[in-house]
Amino acid sequence: MSFIKEKCFRAAIISIPGIGTRHLRQLLAFYGNAENAWAAGPESYAQWEEAGWRHISWLMDFFRAKEKIDPIRLKESQEKEGIFTVIPEEKHYPKLLAECSDAPQLLFYKGVLKPQQEGLAVVGARKATAYGKAAANFLAGEIVKAGYIVVSGLARGIDTAAHKGALAAGGETWAFLAGGLDKIYPPENIPLAKEIIAAGALISEYPPGKPVHPGNFPARNRLISGSSRGVVIVEAAQKSGALITADFALEQGREVFAVPGPIFSEQSQGTHRLLKMGAKLVTEVDDITSEFPQGECAHSYCQNLKFNELQATPNSQESSLELFPQDTGYKEILDCLSDVPIHIDRLALLCSLPVQQLTLGLLELQLADKIIQLPGQHYVLKRL
Numbered sequence: 209m210s211f212i213k214e215k216c217f218r219a220a221i222i223s224i225p226g227i228g229t230r231h232l233r234q235l236l237a238f239y240g241n242a243e244n245a246w247a248a249g250p251e252s253y254a255q256w257e258e259a260g261w262r263h264i265s266w267l268m269d270f271f272r273a274k275e276k277i278d279p280i281r282l283k284e285s286q287e288k289e290g291i292f293t294v295i296p297e298e299k300h301y302p303k304l305l306a307e308c309s310d311a312p313q314l315l316f317y318k319g320v321l322k323p324q325q326e327g328l329a330v331v332g333a334r335k336a337t338a339y340g341k342a343a344a345n346f347l348a349g350e351i352v353k354a355g356y357i358v359v360s361g362l363a364r365g366i367d368t369a370a371h372k373g374a375l376a377a378g379g380e381t382w383a384f385l386a387g388g389l390d391k392i393y394p395p396e397n398i399p400l401a402k403e404i405i406a407a408g409a410l411i412s413e414y415p416p417g418k419p420v421h422p423g424n425f426p427a428r429n430r431l432i433s434g435s436s437r438g439v440v441i442v443e444a445a446q447k448s449g450a451l452i453t454a455d456f457a458l459e460q461g462r463e464v465f466a467v468p469g470p471i472f473s474e475q476s477q478g479t480h481r482l483l484k485m486g487a488k489l490v491t492e493v494d495d496i497t498s499e500f501p502q503g504e505c506a507h508s509y510c511q512n513l514k515f516n517e518l519q520a521t522p523n524s525q526e527s528s529l530e531l532f533p534q535d536t537g538y539k540e541i542l543d544c545l546s547d548v549p550i551h552i553d554r555l556a557l558l559c560s561l562p563v564q565q566l567t568l569g570l571l572e573l574q575l576a577d578k579i580i581q582l583p584g585q586h587y588v589l590k591r592l
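Going left to right, the sequence shown walks through residues 209 to 592 as this note's numbering numbers them.
As C-alpha cells, then:
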C-alpha cells in the first residue's frame, strides 16, 4: 500500500461533511483501504446490508458527495497551507496514540512529527489562577528537560501556560485542536500556535474547514491523553473538561497526576477530588518522571542537556553559588515571595526598598535562578 495515495484518499473521505472518524473506520473495514472505498459506488450498498451492517444511510451521501471532490487537488491545496497528514501505519504517527483502539485513522498536522516521540500531557482550567499558570509553566519546562513532548490543547489558561513553558525551556510541544488547523481557537493564541509549529506540531483529527464545536472538545481530549504516558491536571473546578481528559486517561491505561492548590480555590476543587480518588500528587517533576523509568534518553533535548553537562567545569556548582546574591536587601525580597504569585506593586509595599533597588534585586534573583517572573510582572519563588 502506498502511504501517499492512501493518505490522499483518507483525507478526501474525511473532508466530506457528515463523514467523521467513525465512518472512515467503517469504510476501511469494509473495503480494505481508502482507495477501494473511493472507487466504490451505490451498487455496493446492498453488499453492506447483506453483510449485516446497520445505520448506513450516510453511505449514499458519501457516494454522491465524493463525485465533486478531486483528492489530488485537495491534498495539494492543504499542503500549500502547510497542512500534512499521517496515518497509524507510519512511524511518525504519535507512538502512544497508535496503540489506542480508537486511534484516528488519519491525523492532520502543521509542524514536525518525529518517530518514537512520547508525550506527557499538562492540562487544566481555562479560568486559571496565577498560581496554576505558574505551576503549569514550570512543570512543562521540567518535563521537556526530562525528554518528553508536552501535550496540551492550546486552550486559554493552563494549556497556554504549559505550551509556553515547554517552548521557553527549548523543548517541543504538541497542541491538539478541536477543529480544522486552518482556524486557530482561541484566536488570541495564533502567535503561540506559530511558535508551536516551529518547535513541535499542531494536530487535529478534523479536516481544514471544520469549525470548532463544543462537542469536539471531549473527543479532542481523548487524543491528548492517548498521546501521553500520563496526564498532569494542574487546576480543575468540580466540573471541568480537564476531568474528562483524566477519565479518558484512566480508560486508556495512563497515569493520572494532580497538582494540589489552595483549599479555598474553586479551581483546585477538581484536582483535590482526583487526589482523594488516587491520582498521584505532584509538587515537582520527579513525582511524574519517576513513574516512567527510562533508559538512555533518545530525545534531542536530553542529548543536548547531557552534552552540556559533560562540558561543565568541576567548579560549576561553586560558580552557581557565587551567583546567588548575598545582599541583605535581596534576602528581604526572598522573604516576601512564596509559591503564590505576587505583583511587583504589592511587593514594593511589602519590601522597604527603593524601587530602583527592588527592580535590580528582582533581576539579580532571576539570574541566580531563585525566582521566576510571570506574565503581568508577577513573581514567585522557584522550587529547587
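Ideal placement from N, C-alpha and C gives every residue a C-beta, glycine not left out.
All of these numbers come straight from a predicted model, not from anything done at the bench.
Between the CA atoms of E257 and I398 - distance to the nearest angstrom:
Your numbering for residue 398 matches position 190 in the sequence shown. Your numbering for residue 257 matches position 49 in the sequence shown. So the two alpha carbons sit approximately 46 Å from each other.
Suppose you measure from the CA of Q574 to the CA of E298; what does that come to, to the nearest Å?
Locating residue 574 in the sequence shown gives position 366, counting from the first residue. Locating residue 298 in the sequence shown gives position 90, counting from the first residue. Using only the alpha carbons, I get a separation of about 44 Å.
Could you spell out where the beta strand (DSSP E) holding L267 opens and where it closes?
To locate residue 267, count along the sequence shown from 1; it is residue 59. It is not in any beta strand (DSSP E) - L267 instead sits in the alpha helix (DSSP H) that spans W266 to A273.
If we require 4 or more residues per run, which alpha helix (DSSP H) segments fall completely within the region 527-588?
At a cut-off of 4 residues, the continuous stretches assigned as alpha helix (DSSP H) that sit fully inside the region 527-588 are 536-544, 552-558 and 563-575.
So, with DSSP's three-state summary, where would you put Y317?
If you number the sequence shown from 1, residue 317 lands on position 109. Taken through DSSP and simplified to helix, strand or coil, Y317 comes out as strand.
Proximal residues to N523 (C-beta, below 6 Å), its chain only, five neighbours per side dropped
Within the sequence shown, residue 523 is the residue found at index 315, counting from 1. Low confidence applies here, because N523 scores a pLDDT of 39, under 50, leaving its location unreliable; read the following figure in that light. Excluding sequence neighbours, N523 sits near nothing in its chain.
Excluding the 5 residues preceding and the 5 following N512 in the sequence, name in chain order all residues of the same chain whose CB lies nearer than 6 Å to its CB.
Locating residue 512 in the sequence shown gives position 304, where the first residue counts as 1. Here the model assigns N512 a pLDDT of 47, short of 50, so the residue's position is not dependable, and the following value carries that caveat. Nothing meets the Cβ criterion.
Cβ-based burial, A342 [other Cβ within 10 Å; buried from 16]:
Within the sequence shown, numbered from 1, the residue matching residue 342 stands at position 134. So A342 counts as buried.
What's the C-alpha gap between F384 and L314?
For this step, residue 384 is matched to residue 176 along the sequence shown. For this step, residue 314 is matched to residue 106 along the sequence shown. Rounded to the nearest angstrom, the two C-alpha atoms are 14 Å apart.
Measure the C-alpha to C-alpha separation of P323 and P296 and round it to an integer number of angstroms.
Locating residue 323 in the sequence shown gives position 115, where the first residue counts as 1. Locating residue 296 in the sequence shown gives position 88, where the first residue counts as 1. Near 12 Å, if we compare the C-alpha coordinates of P296 and P323.
For the region 361-428, list the alpha helix (DSSP H) runs that are entirely contained and at least 4 residues long, ordered along the chain.
Here the runs fully enclosed are 366-376 and 398-406.
Stretch pair the region 470-489 + the region 387-394: three plus CB contacts closer than 8 Å
No, the region 470-489 does not touch the region 387-394.
How many Å lie between K288 and Q255 at the Cα?
Within the sequence shown, numbered from 1, the residue matching residue 288 stands at position 80. Within the sequence shown, numbered from 1, the residue matching residue 255 stands at position 47. Counting only the Cα atoms, Q255 lies some 39 Å from K288.
State the start and end residues of the unbroken alpha helix (DSSP H) segment that holds G327.
Residue numbering aside, residue 327 sits at position 119 when the sequence shown is read from its first letter. That residue, G327, is in no alpha helix (DSSP H); its beta strand (DSSP E) goes G327 to V331.
Output needed for A311: all residues of its chain with C-beta closer than 6 Å, excluding positions within five of it in sequence on either side, in chain order.
Position 103 of the sequence shown, counted from the first residue, corresponds to residue 311. Around A311, the same chain offers P296 and L305 as residues with beta carbons nearer than 6 Å, after the five sequence neighbours per side are excluded.
Does the separation of the CB atoms of P501 and A338 fall below 7 Å?
Stepping through the sequence shown from its first residue, residue 501 is reached at position 293. Stepping through the sequence shown from its first residue, residue 338 is reached at position 130. Cβ distance not < 7 Å, so P501 and A338 don't count as in contact.
Closer than 8 Å is the cut-off here; do at least three beta carbon pairs connect the region 239-251 with the region 319-333?
Taking a cut-off of 8 Å on C-beta distances, the region 239-251 does not touch the region 319-333, as fewer than three cross pairs fall below it.
Classify E258 as helix, strand or coil using the three-state DSSP reduction.
Locating residue 258 in the sequence shown gives position 50, where the first residue counts as 1. DSSP, reduced to helix, strand and coil, places E258 within a helical segment of the structure shown.
Expressed to the nearest angstrom, what Euclidean distance is found between the alpha-carbon atoms of R428 and Y414?
In the sequence shown, counting from the first residue as 1, residue 428 sits at position 220. In the sequence shown, counting from the first residue as 1, residue 414 sits at position 206. Rounded to the nearest whole angstrom, the CA to CA distance from R428 to Y414 is 10 Å.
Residue interval of the alpha helix (DSSP H) (run including F465):
As a first step, residue 465 is located in the sequence shown; it is residue number 257 there, counting from the start. Where F465 is concerned, there is no enclosing alpha helix (DSSP H), although the beta strand (DSSP E) it sits in stretches over E463 to A466.
Label E380 either buried or exposed according to how many other C-beta atoms from any shown protein chain fall within 10 Å of its C-beta, with 16 as the threshold for buried.
In the sequence shown, residue 380 corresponds to position 172, counting from 1. Under this definition E380 is a buried residue.
Per DSSP, which one or two residues make a beta bridge with T293?
Taking the sequence shown and counting its residues from 1, the one referred to as residue 293 is at position 85. As DSSP reads the structure, T293 sits in a beta bridge with F316.
Are the beta-carbon atoms belonging to I552 and Q585 less than 7 Å from one another?
Translated into positions along the sequence shown, residue 552 becomes position 344. Translated into positions along the sequence shown, residue 585 becomes position 377. Contact flag set, yes.
Where does V440 sit, in a helix, a strand or coil, going by DSSP?
Taking the first residue of the sequence shown as position 1, residue 440 is located at position 232. Here V440 sits in strand by DSSP.
Determine whether the beta carbon atoms of E459 and G438 lie at a separation below 7 Å.
Position 251 of the sequence shown, counted from the first residue, corresponds to residue 459. Position 230 of the sequence shown, counted from the first residue, corresponds to residue 438. Taking 7 Å as the cut-off, the Cβ atoms of E459 and G438 do not count as close.
Give the straight-line distance between the Cα atoms of D495 and V588, rounded to the nearest whole angstrom.
Within the sequence shown, the letter at position 287 stands for residue 495. Within the sequence shown, the letter at position 380 stands for residue 588. The straight-line gap from Cα to Cα measures roughly 21 Å.
Is the distance from the Cβ of I222 to the Cβ of P416 below 7 Å?
Position 14 of the sequence shown, counted from the first residue, corresponds to residue 222. Position 208 of the sequence shown, counted from the first residue, corresponds to residue 416. No; because the gap between Cβ atoms is not below 7 Å, this pair is not in contact.
Which value, in whole angstroms, describes the spacing of the CA atoms of D577 and Q477?
Within the sequence shown, residue 577 is the residue found at index 369, counting from 1. Within the sequence shown, residue 477 is the residue found at index 269, counting from 1. Looking at the two C-alpha atoms, the distance is approximately 31 Å.
Distance check for E572 and E350, CA to CA, integer angstroms please.
Here residue 350 refers to the residue found at position 142 of the sequence shown. Here residue 572 refers to the residue found at position 364 of the sequence shown. So the two alpha carbons sit approximately 22 Å from each other.
So for K488, helix, strand or coil by DSSP?
Against the sequence shown, residue 488 aligns to sequence position 280. K488 falls in the strand class under three-state DSSP.
Burial state of Y509, where buried means 16 or more other Cβ atoms lie within 10 Å
Locating residue 509 in the sequence shown gives position 301, where the first residue counts as 1. Reliability of the predicted coordinates at Y509 is poor, the pLDDT of 47 falling under 50, and no value is obtained from them.
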